[in-house]
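Q: So for the sequence shown, the UniProt record's numbering puts the first residue at 1; every next one is plus one.
Below is a structure I'd like to ask you about.
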Amino acid sequence: MPDVTQSPRNGDHRCAPEPERQLIAVRLEAARRPRGAGDPTQITAAQQRLVAQLRARGLPAGRIQRRLTTLNNTVIRRLARQAVAVALRRGAGPPPVRFCLLVMGSGARDEHFLGPDQDHGMVLADYPDRDHDAVDAWFRCYSSHLVERLEAAGFPRDTGDVMCTNPLWRKTLGQWTQQITTWARRADTVSLCLADVLLDCRPLFGAPALARALRTALTRQLATAAFLKATVMAHGDRGVGLGWFNRFVTMGRSDPHRGCINLKHTALLPFITAARQLALYHRVPALSTRGRLRGLHRRGALTEADHQALQTAMDTLADQVLRHQLRQLHEGQTADYFLDPTALPAEERQALKEALKRIRRLRDQARNDITGQIF
């Protein structure tokens with residue numbers, strides 16, 4: 001049987017404190033039920049209870065994000081292992097080749113908030129073309145079952161279809177290497193967006209050597225001057241949520257979230273993108289935004305003052321999102337990123353503005369460092 005080993009990242013949930021064990025147990029219990037038979041409010045309540053307790057203990061938002069990510073990835077890993085056992089029970093046999101399930105996005109960056117969706121892919125060991133039909137059939141069934149169980153466990157399907165059920169995100173190592181080469185050569189809008197997704201990935205279950213080889217290919221082919229310049233120019237219009245005279249840019253009158261700032265699209269995403277670009281340019285291997293900032297500081301790309309200010313900006317954003325989402329869950333709403341800045345005390349409103357100013361400067365630094373364009 002191929003080596004399908006547990007990634008060393010994240011420990012056994014049985015050693016976790018009680019609120020954390022409860023969240024894992026609720027998700028796993030929901031995953032065992034038939035489709036549509038689970039009670040999503042139990043998962044929501046468990047998340048809400050855990051985050052409220054962690055905040056009450058004084059944990060900063062960044063550490064809460066890491067805890068949430070660790071717990072969620074523990075559930076995904078458990079379900080990935082169980083999906084292999086299901087394939088064996090159904091007579092499909094063991095995995096026909098070694099593989100590694102990759103977690104992507106905020107799950108790879110240790111930056112989960114409340115209610116994350118699915119973001120994952122897969123890398124398979126290379127195999128002869130004559131075996132394609134049998135190998136592909138096994139992994140199609142495996143991926144379909146895994147995604148279904150993850151959905152039952154409270155992880156919605158990704159609206160962008162970044163899941164291992166999509167052949168675009170399930171390839172052999174050789175196919176991935178060819179795909180990355182194509183993205184680097186084309187450097188068009190679609191290729192740049194897809195490459196951005198894959199750059200934030202880490203091994204979660206299976207053979208981590210395959211993920212390491214994929215990471216080597218990514219770094220070798222995408223950390224080029226031409227590709228980096230293309231990605232900076234493509235994201236040049238990704239606006240930070242501050243307009244003229246540093247006023248918040250909010251949703252328009254016809255939008256259901258009128259008067260709210262979209263903290264995901266106009267704060268977190270520009271921040272994450274700029275940090276990723278600079279990390280790739282300066283050969284910083286970290287995946288989390290905070291880790292990338294630390295690495296950039298160690299490489300001399302950020303001054304001590306800028307580094308501390310950016311870490312504070314990340315803390316400010318994460319704290320506002322978590323508090324906003326907790327309030328929504330308490331009121332029976334779906335957690336989102338649309339925050340009404342007028343509802344904030346003046347001190348918090350000013351701190352949010354300062355965070356957005358720092359993000360704008362980081363975005364400008366990425367453009368300046370990589371392209372040489374100051375404005």
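Beta carbons: idealized from backbone N, C-alpha and C, even for Gly.
Because the structure is a prediction, the values reported are computed rather than measured.
1. What does the alpha-carbon distance come out to for the pair V197 and A223?
2. Within 10 angstroms of its Cβ, does H330 collect 16 or more other Cβ (buried), or is it exposed?
3. Could you give the C-beta distance for L263 and L317, rounded to a whole number, given that I count them as a contact under 8 Å?
4. Report the option in A335, Q118 and I272 whose CA atom is closest to the CA atom of L199.
5. Answer yes if the stretch 107-127 comes into contact with the stretch 273-292, meaning at least three C-beta pairs across the two stretches below 8 Å, and no otherwise.
6. Would you check whether the ligand ZN has a heavy atom nearer than 6 Å to the C-beta of T165?
7. In the stretch 82-137, which residue ranges form an unbroken alpha helix (DSSP H) of at least 4 residues, counting only runs that do not cross its ends?
8. Of the residues R327, H120 and G160, which one's Cα is nearest the Cα of V147?
9. Start and end of the beta strand (DSSP E) containing L204?
10. Keeping to the same chain, check which residues put their C-beta closer than 6 Å to that of R212; ignore five residues upstream and five downstream.
11. Mark H145 as exposed unless 16 or more other C-beta atoms lie within 10 angstroms of its C-beta, in which case mark it buried.
12. Look at the Cβ atom of V232, then the Cβ atom of R367, and state whether they are nearer than 7 Å.
13. Where does N166 fall in DSSP's three states?
14. Does the Cβ of A153 have 16 or more other Cβ atoms within 10 Å, making it buried, or fewer, making it exposed?
15. Just verifying my parser: in three-state terms, what is the DSSP assignment at residue 381?
16. Could you tell me the distance, in whole angstroms, from the CA atom of E29 to the CA atom of V86?
17. Taking L79 as the reference, give the member of R276, A31, V135 and Q333 with the closest Cα.
18. Could you check the C-alpha separation between P19 and D340 for me, to the nearest Å?
19. On a CA-only basis, which of R247, L150 and M163 is nearest P34? Give me that one, please.
20. Could you compute how far the alpha carbon of V135 sits from the alpha carbon of R294?
21. Kindly indicate which residue of P40, S106, R57 and G241 has the alpha-carbon position closest to the one of L70.
22. Nearest by alpha-carbon distance to A275: which of M314, L344 and R349 is it?
23. For I370 and G243, I'd like the C-alpha separation in whole angstroms.
24. When DSSP labels each residue in this structure, what does L194 get in the three-state scheme?
25. Go ahead and label N246 buried or exposed: buried means 16 or more other beta carbons lie within 10 angstroms of its beta carbon, across all protein chains shown.
26. Identify whether L287 lies in helix, strand or coil by the three-state DSSP scheme.
27. Are I43 and V75 close, meaning C-beta to C-beta below 7 Å?
28. In the structure shown, what three-state DSSP assignment does T172 receive?
29. Taking the continuous alpha helix (DSSP H) assigned at N368, which residues delimit it?
A: The short version:
1. As a first step, residue 197 must be located in the sequence shown, where it is residue number 197. As a first step, residue 223 must be located in the sequence shown, where it is residue number 223. Those two C-alpha atoms are separated by around 15 Å.
2. The residue labelled residue 330 in the question sits at position 330 within the sequence shown. So H330 counts as exposed.
3. Position 263 of the sequence shown holds residue 263. Position 317 of the sequence shown holds residue 317. Right, their Cβ atoms sit about 6 Å apart.
4. Position 199 of the sequence shown, counted from the first residue, corresponds to residue 199. Nearest option by C-alpha distance: I272.
5. yes
6. The ligand ZN is absent from the structure shown, which contains no ligands of any kind.
7. 106-109
8. Translated into positions along the sequence shown, residue 147 becomes position 147. Minimum Cα distance to V147 is reached at H120.
9. Residue 204 sits at position 204 when you count from the first residue of the sequence shown. Counting along the chain, the beta strand (DSSP E) containing L204 begins and ends at C201 to G206.
10. Taking the first residue of the sequence shown as position 1, residue 212 is located at position 212. There are no such residues.
11. Numbered from its first residue, the sequence shown carries residue 145 at position 145. Buried.
12. The residue labelled residue 232 in the question sits at position 232 within the sequence shown. The residue labelled residue 367 in the question sits at position 367 within the sequence shown. Cβ distance < 7 Å, so V232 and R367 count as in contact.
13. Translated into positions along the sequence shown, residue 166 becomes position 166. It is coil, neither helix nor strand.
14. For the purposes of this step, residue 153 is taken as residue 153 along the sequence shown, with counting starting at 1. Answer is buried; the Cβ neighbour count reaches 16.
15. Since the first and last residues shown for the chain are 1 and 375, residue 381 lies out of range.
16. Position 29 of the sequence shown, counted from the start, is the residue given in the question as residue 29. Position 86 of the sequence shown, counted from the start, is the residue given in the question as residue 86. So the alpha carbons of these two residues sit roughly 16 Å apart.
17. As a first step, residue 79 must be located in the sequence shown, where it is residue number 79. Nearest of R276, A31, V135 and Q333 to L79, Cα basis: A31.
18. Within the sequence shown, residue 19 is the residue found at index 19, counting from 1. Within the sequence shown, residue 340 is the residue found at index 340, counting from 1. Spanning the two alpha carbons is a distance of roughly 30 Å.
19. Taking the first residue of the sequence shown as position 1, residue 34 is located at position 34. Comparing Cα-Cα distances from P34 to each of R247, L150 and M163, the minimum goes to L150.
20. Indexing the sequence shown from 1 puts residue 135 at position 135. Indexing the sequence shown from 1 puts residue 294 at position 294. Their Cα atoms are separated by approximately 42 Å.
21. For the purposes of this step, residue 70 is taken as residue 70 along the sequence shown, with counting starting at 1. What sits at residue 70 in the sequence shown is Thr, not Leu. Out of P40, S106, R57 and G241, S106 has the C-alpha closest to the C-alpha of T70.
22. To locate residue 275, count along the sequence shown from 1; it is residue 275. Per the Cα distances, M314.
23. Residue numbering aside, residue 370 sits at position 370 when the sequence shown is read from its first letter. Residue numbering aside, residue 243 sits at position 243 when the sequence shown is read from its first letter. Approximately 25 Å, taken between the alpha carbons.
24. Taking the sequence shown and counting its residues from 1, the one referred to as residue 194 is at position 194. Here L194 sits in helix by DSSP.
25. Taking the sequence shown and counting its residues from 1, one reaches residue 246 at position 246. Its Cβ having fewer than 16 others within 10 Å, N246 is exposed.
26. As a first step, residue 287 must be located in the sequence shown, where it is residue number 287. Coil.
27. Taking the first residue of the sequence shown as 1, we reach residue 43 at position 43. Taking the first residue of the sequence shown as 1, we reach residue 75 at position 75. Against a cut-off of 7 Å, the Cβ pair of V75 and I43 comes out as no contact.
28. Locating residue 172 in the sequence shown gives position 172, counting from the first residue. Correct three-state label for T172: strand.
29. Within the sequence shown, the letter at position 368 stands for residue 368. A346 to T371 is the extent of the alpha helix (DSSP H) around N368.
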